[in-house]
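As given, the protein sequences belong to chains P and F, one line each in that order. Numbering-wise (the UniProt record's numbering), the first sequence opens with residue 1 and increments by one. Numbering-wise (the UniProt record's numbering), the second sequence opens with residue 1 and increments by one. All C-beta atoms, glycine included, are put in the ideal place defined by N, C-alpha and C.
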Amino acid sequence: MLVERSSAGRGGPASGPVEDRRIEFGELHPPLSAHEAHVEADRCYFCYDAPCTVACPTSIDIPLFIRQIATGNPKGAARTIFAENILGGMCGRVCPVETLCEEACVRMEAEGKPVKIGMLQRHATDHLIFAGEQPFARAAPTGRRVAVVGAGPAGLACAHRLALRGHEVVMFDARPRPGGLNEYGIAAYKTVDDFAQREVDFILSVGGITLEPGMALGRDFTLAELGEDFDAVFLGMGLAGVNALAAPGEAAPGVTDAVEWIARLRQAEDASAVPIAPRVAVIGGGMTAIDAAVQAKLLGAEEVTILYRRGRADMKASLWEQELAQTRGVTILEWAQPVQIIAGQSGAVEAIVVERTRIAGGRLVGTGAVVTIPVDMVFKAIGQTFVPEPLGAAAGIRLEGGRIAVDAERRTSAPGIWAGGDCVAGGQDLTVAAVEDGKVAAESIHRSLTGGAAP
Amino acid sequence: MANLATEFLGIKSPNPFWLASAPPTDKAYNVVRAFQAGWGGVVWKTLGEDPPIVNVNGPRYGAVHGPDRRLLGFNNIELITDRPLEVNLREIKEVKRAWPDRALVVSLMVPCEERNWADILARVEETGADGVELNFGCPHGMSERGMGSAVGQVPEYIEMVARWCKAHTRMPVIVKLTPNITDIRYPARAAAKGGADAVSLINTVSSLMGVDLDRMAPVPTIDGKASHGGYCGPAVKPIALNMVAEIARDPATNGMPLSAIGGITTWRDAAEFMALGAGTVQVCTAAMTYGFRIVQEMIAGLSQWMDEKGYTSVSDFVGLAVPNVTDWQYLNLNYVTKARIDQELCIKCGRCHVVCEDTSHQAITRTVAGVRKFEVIDSECVGCNLCVSVCPVENCITMEALPPGATDPRTGLPVEAAYANWTTHPNNPMARVAAE
């Protein structure tokens with residue numbers, strides 16, 4: 001049963017005014033004030049060979065940027081961040097810092113309370129992004145042209161770095177708006193005030209990057225065509241497919257892919273018009289599961305349950321994210337594997353049957369005990385898959401574990417083609433890792449195009 | 001419970017905590033609030049001759065802050081009292097009568113003429129005040145008119161005025177010294193020579209608090225300009241400690257009563273100054289930062305510490321640290337220390353390593369067997385204490401003395417049990433001459 005969203009889940013009027021929606025999708029964690037930032041910055045010890053920097057996939061000089069905040073130079077701090085990670089603004093918002101830089105912070109060892117690196121990074125980067133100032137200038141034009149497929153974090157990072165090095169970039173994206181998962185796949189409360197588009201504008205303001213939206217590889221153009229028109233190609237196309245649940249009843253109305261639902265929510269003019277049911281089950285244990293569950297709760301669902309087939313320690317969503325969901329009223333049911341979705345008389349989902357699981361002999365096995373949970377809506381957040389068909393067989397790009405195989409410089413097996421982000425094998429499926437891929441690939445492309453060492 | 005009662009120059013106060021001559025002691029209203037809060041005494045803000053001086057109408061104070069707006073240093077360009085002499089004298093008399101158990105000393109500053117000093121001393125004496133403090137310290141404003149630190153910077157003037165004052169009053173005379181000189185012992189000796197009963201120090205340090213880089217003018221600015229002021233607060237405490245100690249251990253002034261001033265904020269600060277010979281301490285910035293109630297912490301803290309140490313009165317420990325302040329040349333060169341890093345406490349920030357590597361003796365490792373680990377290399381460690389100073393974890397790095405007989409891996413020499421200093425060191429040309 002799909003129902004109109006009830007106000008704040010208290011069974012109020014069917015749809016509240018737009019102001020309500022803004023409140024519900026306000027920031028869960030408001031930014032630091034200037035004074036808070038100064039006090040927090042002072043907690044940084046300016047470590048030698050800082051463990052936080054080592055832990056950062058993009059190797060941001062964290063002690064330096066924090067020191068710049070402490071000395072009243074937040075724009076300089078932003079420049080330090082952007083020099084390594086041009087999407088430092090979004091990363092400051094969405095990075096699982098609790099398993100990266102903040103986990104490595106020596107204050108964790110000292111007192112269990114790391115310096116709030118993510119919040120400080122956001123504080124610094126907001127200074128430049130909201131001022132609309134591009135801190136970098138492009139090198140003299142090289143006359144070389146590079147195609148970037150996918151305007152997500154990997155593509156944007158690659159395009160910006162290539163533009164800086166003086167190359168001309170054309171960036172294609174299948175969707176109408178650039179940003180990739182930042183625009184379509186992240187919970188709204190993580191990127192309020194249309195931040196994803198602000199960031200894209202900021203990145204493109206460096207110049208030399210032409211955006212071609214609504215252009216899908218394999219549908220509107222081919223790799224072979226790109227090879228003719230461009231000197232190099234970077235693939236940052238992400239994951240277009242979703243895993244199937246493989247449980248009977250999966251096709252019932254009310255069963256939705258979480259990524260699709262989040263994208264719809266993010267693009268909705270009025271989020272309150274996106275229907276939500278009173279009882280929601282979210283299947284999965286990653287960030288997408290958390291994002292979907294928390295947003296469902298914020299939209300007014302009364303009972304939201306995350307079903308995860310293993311234990312909480314195994315969830316890809318960090319403990320911090322799990323606790324965020326729990327404090328928002330989401331229930332996490334671990335060791336629970338969906339085995340059947342039951343449709344009601346209308347055909348729509350009515351309940352989900354889960355089997356409890358355990359580890360036996362190192363393998364996950366069902367215990368035979370089943371529980372039927374009445375639900376009105378099911379979100380599948382059980383992982384996305386790479387869809388290789390758009391590459392075309394002719395290019396001969398080697399895959400590995402179903403994704404594109406790349407070397408340390410993010411070169412694919414095909415000459416002149418680089419790749420990065422979620423679409424490559426061995427990745428961490430993190431925004432920050434995608435940015436690093438794009439950056440590394442861009443420098444490799446630059447070396448290849450100029451025949452010299454990196455500047 | 002330890003007895004904090006203090007007798008200084010015969011002036012009794014229930015505790016050694018006095019408020020220094022400064023804005024907090026400018027009026028009866030403030031002083032009464034201070035006494036209500038528990039302060040043992042006050043030095044009334046400096047009186048001058050009528051007509052009263054005028055103060056600027058822009059900012060008088062500036063501050064240096066830590067990151068959380070903790071006030072670390074403070075400065076002022078306020079002059080002496082800007083109220084009529086008569087009003088101050090009347091209030092002093094009233095307050096002393098109402099609070100007979102508290103010390104009430106009056107600070108004075110008049111031009112360097114004997115008549116002027118004699119006149120004002122007579123009037124102060126009528127109030128029943130316990131003593132006077134001669135303000136030879138203020139570095140701003142009044143010094144331009146030949147008073148304050150302009151006097152304190154000339155030992156002959158100090159001696160002269162002190163002598164006049166002793167001749168013209170029965171009240172105890174304290175000379176307040178300026179730190180804006182090269183050697184604090186000279187003005188202190190001059191005060192002693194002039195017959196002063198005690199010295200108090202330090203007054204404020206000449207200072208500019210900062211520069212507004214947009215207006216290209218020091219801060220705080222008054223209509224685009226600024227003038228140097230007097231620096232005080234926690235930041236000046238080490239300077240004051242040294243100056244107090246120098247006077248306390250100078251044979252010419254040893255034993256002369258001292259009232260210590262300079263960044264005293266807690267009971268511990270007070271106890272440190274007293275250990276260096278101060279009979280009383282005077283406080284201003286801490287009160288101006290937190291209000292008068294801080295004295296309660298000072299009283300409780302000092303009592304607690306004295307009880308734990310078995311001191312029953314403040315005179316039990318005043319001056320006990322003075323014999324341990326010595327000249328560099330008498331420090332024991334056979335005392336060999338090495339830094340020790342407690343690996344259990346180490347949080348691996350690497351600060352000890354990088355400062356030793358960059359700026360000192362390359363005596364701390366970065367990795368051990370390929371793992372991030374900070375260990376002292378005894379063969380390089382000179383025992384300088386830099387790593388201890390920069391380590392963010394208390395007691396993580398300590399200095400450990402090598403026992404006599406052990407070999408110092410840095411020098412390859414055994415640690416001598418006997419004390420030996422520079423005066424006898426073979427590298428000392430003077431020592432060699434003496435040896436020959």
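Item, Value
"Residues in the region 178 to 199 of chain P having any Cβ partner in chain F nearer than 8 Å", "none"
"Bridge-paired residues (DSSP) for residue 438(F)", "Outside the shown range of chain F (1 to 436) lies residue 438(F), about which nothing can therefore be said."
"Min CB distance ASP49(P) to chain F below 7 Å", "yes"
"Minimum Cβ-Cβ distance from PRO392(F) to chain P less than 7 Å", "yes"
"Residues from the region 410 to 433 of chain F in contact with chain P, defined by Cβ distance under 9 Å", "none"
"DSSP three-state assignment for GLU105(P), whether helix, strand or coil", "Just to set this straight, residue 105(P) is Cys in the shown sequence, not Glu. DSSP places CYS105(P) in coil when its eight states are reduced to three."
"7 Å Cβ cutoff met for ILE373(P) and GLU250(P)", "no"
"Under 7 Å by beta carbon: chain F residues contacting VAL106(P)", "ILE347, LYS348 and CYS349"
"Beta-carbon neighbours of HIS353(F), restricted to chain P and to distances below 7 Å", "TYR48"
"ASP183(F) at chain P interface by Cβ criterion, 7 Å", "no"
"Which of helix, strand or coil DSSP assigns to PRO414(F)", "strand"
"TRP335(P) classed as buried or exposed, judged by whether at least 16 other C-beta atoms fall within 10 angstroms", "buried"
"Reduced DSSP category for ARG21(P) - H, G, I as helix; E, B as strand; rest coil", "Per-residue confidence for ARG21(P) stands at a pLDDT of 42, beneath the threshold of 50, marking its modelled position as unreliable; the derived number appears in the next sentence. ARG21(P): helix per DSSP, three-state reduction."
"For LYS225(F), three-class secondary structure by DSSP", "strand"
"Helix, strand or coil at GLN197(P) [DSSP, three-state]", "helix"
"Nearest candidate by alpha-carbon position, reference residue 465(F), set GLN343(F), ALA190(F), VAL43(F) and LYS193(F)", "Since the displayed chain F opens at 1 and closes at 436, residue 465(F) lies outside it and no answer follows."
"Residue 437(F) versus GLY152(F), ASN116(F) and ALA191(F), residue with shortest Cα-Cα distance", "The requested residue 437(F) is not part of the displayed model; chain F covers only 1 to 436."
"LEU47(F) beta carbon less than 7 Å from that of PRO172(F)", "no"
"Span separating the alpha-carbon of ASN30(F) from that of PRO24(F)", "6 Å"
"Three-way DSSP call (helix, strand, coil) for GLN282(F) in this model", "strand"
"Beta-carbon neighbours of HIS38(P), restricted to chain F and to distances below 7 Å", "PRO67"
"Coil, strand or helix - LYS27(F) by DSSP", "coil"
"Residue nearest to SER346(P) in terms of C-alpha spacing, selected from PRO178(P), GLY254(P) and ALA55(P)", "GLY254(P)"
"Neighbourhood of ALA286(F) by C-beta distance below 7 Å, restricted to the same chain and skipping five residues each side", "ILE264, THR265 and ILE294"
"Pairwise C-alpha distance: LYS237(F) and GLU49(F)", "32 Å"
"Buried versus exposed call for GLN304(F) [16 or more other C-beta atoms within 10 Å across all chains shown]", "exposed"
"CB contact below 7 Å: TRP18(F) versus chain P", "no"
"Nearest-angstrom beta carbon gap, GLU246(F) and ILE184(F) [assumed within contact, 8 Å]", "5 Å"
"C-beta contact flag for LEU104(F) and THR169(F) at 7 Å", "no"
"Chain-ordered neighbours of ALA110(P) on chain F, where CB pairs are closer than 7 Å", "ILE347 and VAL393"
"Beta-carbon proximity list for ASN243(P), same chain, < 8 Å, skipping 5 on both sides", "LYS380, ILE382, GLY383, GLN384 and THR385"
"Candidates TYR231(F), ILE77(F), VAL376(F) and TYR290(F), of which the one nearest SER207(F) by Cα", "TYR231(F)"
"Element boundaries [alpha helix (DSSP H), containing ASP101(F)]", "First-last for ASP101(F): undefined, no H or E at that position."
"Rounded distance between the beta-carbons of GLY40(F) and SER13(F), thought under 8 Å", "4 Å"
"Proximal residues to ALA263(P) (C-beta, below 8 Å), its chain only, five neighbours per side dropped", "TYR184 and GLY185"
"Beta-carbon proximity list for GLY66(F), same chain, < 8 Å, skipping 5 on both sides", "LEU72"
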